[in-house]
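The block underneath contains the structure these notes are about, expressed in structure tokens.
Numbering (the numbering used here), first residue to last: 4 to 210.
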């Protein structure tokens with residue numbers, strides 16, 4: 004049986020400074036430096052949430068050449084203020100995981116940044132199913148990066164996925180999902196929201 008485990012959250016924004024400022028103001032903590040993703044023309048900043056969990060602010064890198072494909076996390080369509088956009092699940096065998104799930108989750112790309120090596124499923128158009136609320140899948144081919152991030156004192160308490168077809172999404176993922184903190188809510192509008200414990204109390208990020 005393929006098991007999918009929560010890995011990280013993605014916040015998108017028009018630019019990296021705006022996204023970083025929004026998360027830092029919302030949670031009252033500082034983000035750590037991230038890096039660049041030349042294949043996608045993006046860059047990020049990071050916040051550790053647990054030994055094997057984190058949050059990233061990821062945006063288009065204005066200094067990078069435009070990629071020859073759509074960027075991940077729907078970044079080619081991003082507009083408006085920063086928001087919580089996506090969630091990522093990790094697995095030990097991404098090819099087996101994709102074969103067990105419905106089409107649309109993307110094709111596997113082999114990626115690297117410094118010492119980090121990972122494989123990730125990215126749709127050809129950059130847009131995940133269920134209005135972007137279907138999880139992105141990742142397989143780490145190196146030690147997980149989260150233990151190397153500064154201890155932020157933050158921990159994910161709950162992640163809620165609101166969608167008109169939330170029940171369908173739940174049924175698709177539940178046979179594989181090892182993530183009791185994930186809630187599926189039937190709502191008219193698609194949106195993510197995360198409840199996070201911080202050193203100064205419980206806070207929320209919303210999409």
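Even for Gly, the Cβ is constructed at its ideal location relative to N, Cα and C. Note that the coordinates shown come from a computational prediction; the quantities given were computed from them, not determined experimentally.
Contact belief for residue i with residue j at Cβ below 8 Å, rounded distance in angstroms
i: residue 88; j: residue 14; result: 6 Å
i: residue 169; j: residue 188; result: 6 Å
i: residue 69; j: residue 38; result: Residue 69 to residue 38, Cβ: 19 Å. No contact.
i: residue 12; j: residue 58; result: 5 Å
i: residue 103; j: residue 179; result: 7 Å
The alpha helix (DSSP H) enclosing residue i, as first and last residue numbers
i: residue 26; result: 19-30
i: residue 190; result: First-last for residue 190: undefined, no H or E at that position.
Inter-residue spacing [alpha-carbon to alpha-carbon] between residue i and residue j
i: residue 150; j: residue 55; result: 7 Å
i: residue 123; j: residue 6; result: 16 Å
i: residue 191; j: residue 164; result: 12 Å
i: residue 117; j: residue 146; result: 13 Å
i: residue 126; j: residue 182; result: 23 Å
i: residue 27; j: residue 78; result: 21 Å
i: residue 86; j: residue 94; result: 25 Å
i: residue 22; j: residue 29; result: 11 Å
i: residue 97; j: residue 177; result: 17 Å
i: residue 262; j: residue 184; result: No answer is possible for residue 262: the residues shown for the chain start at 4 and end at 210.
i: residue 167; j: residue 208; result: 20 Å
i: residue 17; j: residue 121; result: 25 Å
For residue i, the nearest candidate out of the options (CA to CA)
i: residue 140; options: 53, 154 and 113; result: 113
i: residue 155; options: 75, 46 and 204; result: 204
i: residue 108; options: 117, 91, 118 and 116; result: 91
i: residue 210; options: 201, 125 and 195; result: 195
i: residue 186; options: 193, 120, 157 and 173; result: 173
i: residue 224; options: 77, 44, 74 and 137; result: The requested residue 224 is not part of the displayed model; the chain covers only 4 to 210.
i: residue 9; options: 208, 127 and 197; result: 197
i: residue 82; options: 41, 63 and 96; result: 63
i: residue 24; options: 193, 40, 84 and 45; result: 84
i: residue 110; options: 99, 120 and 162; result: 99
i: residue 74; options: 50, 46 and 179; result: 46
i: residue 71; options: 42, 193 and 52; result: 42
i: residue 105; options: 18, 171, 121 and 60; result: 171
i: residue 148; options: 31, 135 and 36; result: 36
i: residue 51; options: 167, 202 and 157; result: 157
i: residue 128; options: 144, 175, 60 and 80; result: 80
i: residue 199; options: 120, 143, 32 and 144; result: 32
i: residue 134; options: 193, 61 and 142; result: 193
The beta strand (DSSP E) enclosing residue i, as first and last residue numbers
i: residue 171; result: From DSSP, residue 171 is part of no beta strand (DSSP E) but of the alpha helix (DSSP H) over 169-176.
i: residue 9; result: 7-15
i: residue 58; result: 56-63
i: residue 51; result: 45-53
i: residue 208; result: 204-209
i: residue 36; result: 35-40
Residue-chain proximity (residue i, chain B), Cβ-Cβ < 8 Å
i: residue 53; result: Judged by its chain identifiers, the structure shown contains no chain B, having just a single protein chain.
Exercise. Which residue spans inside the region 85-160 form an unbroken beta strand (DSSP E) run of at least 3?
Worked result: 86-93, 110-116, 119-125 and 139-143
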